[in-house]
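Only one structure is covered here, and it is reproduced in the block below.
There are 2 protein chains.
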Amino acid sequence: MNQEDFKVLLRDKGLKVTSQRLLVLQVMAEHPGEHLTTEEIYDMVKQTNPEIGLATIYRTVQVLVDLHLIDKINFDEDVARYELRNQNTKHHHHHAICLGCSKVISFEDDLLENLEAAVDERIGFKVMDHEVKLYGYCSECRKKMEQQ
Amino acid sequence: MNQEDFKVLLRDKGLKVTSQRLLVLQVMAEHPGEHLTTEEIYDMVKQTNPEIGLATIYRTVQVLVDLHLIDKINFDEDVARYELRNQNTKHHHHHAICLGCSKVISFEDDLLENLEAAVDERIGFKVMDHEVKLYGYCSECRKKMEQQ
DNA sequence: AGAATATTGAGAATGAGAATCATGGGTCTG
DNA sequence: CAGACCCATGATTCTCATTCTCAATATTCT
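Residue numbers (this note's numbering), protein chains in the order written: chain A, 1 to 148; chain B, 1001 to 1148.
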């Protein structure tokens, strides 16, 4: 998603093009694969525009989520995190969360297609998007456990 | 999970058996398949024990989650919800969330086993539990959309 | 350019959940 | 069964993420 496409997208939705919105998207685009909190985005955006307000960050990430440019993810913390969405895939990607070190590993997979087909057939539910979290132990933590 | 087993489980963990803990679990057990907020549990528990405090509900649901008797679920609201865990299965069950009417449909499925095997093989991650949310349209909302 | 209107920034307000602490209730030992 | 020990409870306060409010400003349309 380049800046010009973003401007068109905003205008199509009746939203105004502002320097704040451009800047927040740019910061997100510069950190693909990272799971950023509103506060973290705020700090990074302030390096370019120190005048920006935190409330604007909250409002802007909501706009970007609505436009499907970023995803909101919830990792059982007390803050929400946001991640740039891969525009090539129409789905969220998955997250594996280590119960040992809390590390989050992201991965793509389409093995859910048969699950989605089964749900459609069984209860008539048409899946548009999915969100999968796997809880377990990463290879490093498994090694540590074996050593003990 | 009957009450006697629960008492044994608490004592095994070095936790005390209290009337409040018994009551909260009982209320959860009387509402299988429902996704209750702390406030809703509070209201129901108060009908039997009006003296109980809200803080105790917060503390008790945390205990029940740790004991794997209930699951905490997050539906992109600003409150957490809790659901009785089916003791026959060691995993969370899945949730299909309708984008039209916000209805939540629960279902069991083990089609994730091949996904979990793939993750183990590919990145050495050992899955202990999973949480799946499908976003889409339920059969009723699909009918309404077709009629328009 | 000027009107119309959406957006912003600052600060206050909200609300879920956690922390605090004195009191009360289980549990263990003898 | 008594008394000690200490965890759990209830009431309240506190914290902190997020939302709301509103006047000032920036963007878009004509």
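Positions of the beta carbon are idealized from the N, C-alpha and C atoms, including for glycine. Bear in mind that the values here come from a model prediction, so they are computed numbers and not experimental data.
In this structure, H1092/B lies near H1130/B, with their beta-carbon atoms less than 8 Å apart. The C-alpha of E1146/B is placed about 47 Å away from the C-alpha of R1059/B.
By the CB criterion at 8 Å, V104/A and F75/A fall inside the cutoff. H35/A and E108/A do not touch by the CB rule: their CB atoms are close to 16 Å apart, not below 8 Å. Annotation: M1145/B is outside any beta strand (DSSP E); the continuous alpha helix (DSSP H) that includes it extends over S1139 to Q1147. Look at M1001/B here: in three-state DSSP terms it is coil, with no helix or strand label.
Annotated as distal: M1044/B and G136/A, with beta-carbon spacing of 8 Å or more.
Close CB contacts of K7/A within its chain, under the 6 Å cut and outside five residues either way in sequence, are with V17 (chain order).
The criterion of a C-beta distance shorter than 8 Å is not satisfied by Y1042/B and L1025/B. For C1098/B, the closest C-alpha among the options E1030/B, C1141/B and M1028/B is that of C1141/B. Separation of V1119/B and D110/A (C-alpha to C-alpha, rounded to the nearest whole angstrom) is 12 Å.
Annotation: the continuous beta strand (DSSP E) that includes S106/A extends over V104 to F107.
With 16 or more other Cβ atoms from the protein chains shown falling within 10 Å of its own Cβ, V1132/B counts as buried. In the DSSP assignment, D71/A falls within the unbroken beta strand (DSSP E) covering I70 to I73. Counting the other CB atoms within 10 Å of its CB gives C1138/B a total of 16 or more, which places it among the buried residues. Comparing alpha-carbon positions, the option among E1077/B, V1063/B and R1021/B lying closest to T1048/B turns out to be R1021/B.
Taking all protein chains in view, the Cβ of V27/A is crowded by 16 or more other Cβ atoms within 10 Å, so the residue is classified as buried.
Chain A has no Cβ within less than 8 Å of the Cβ of E1121/B. Residue pairing by DSSP places V1119/B in no beta bridge whatsoever.
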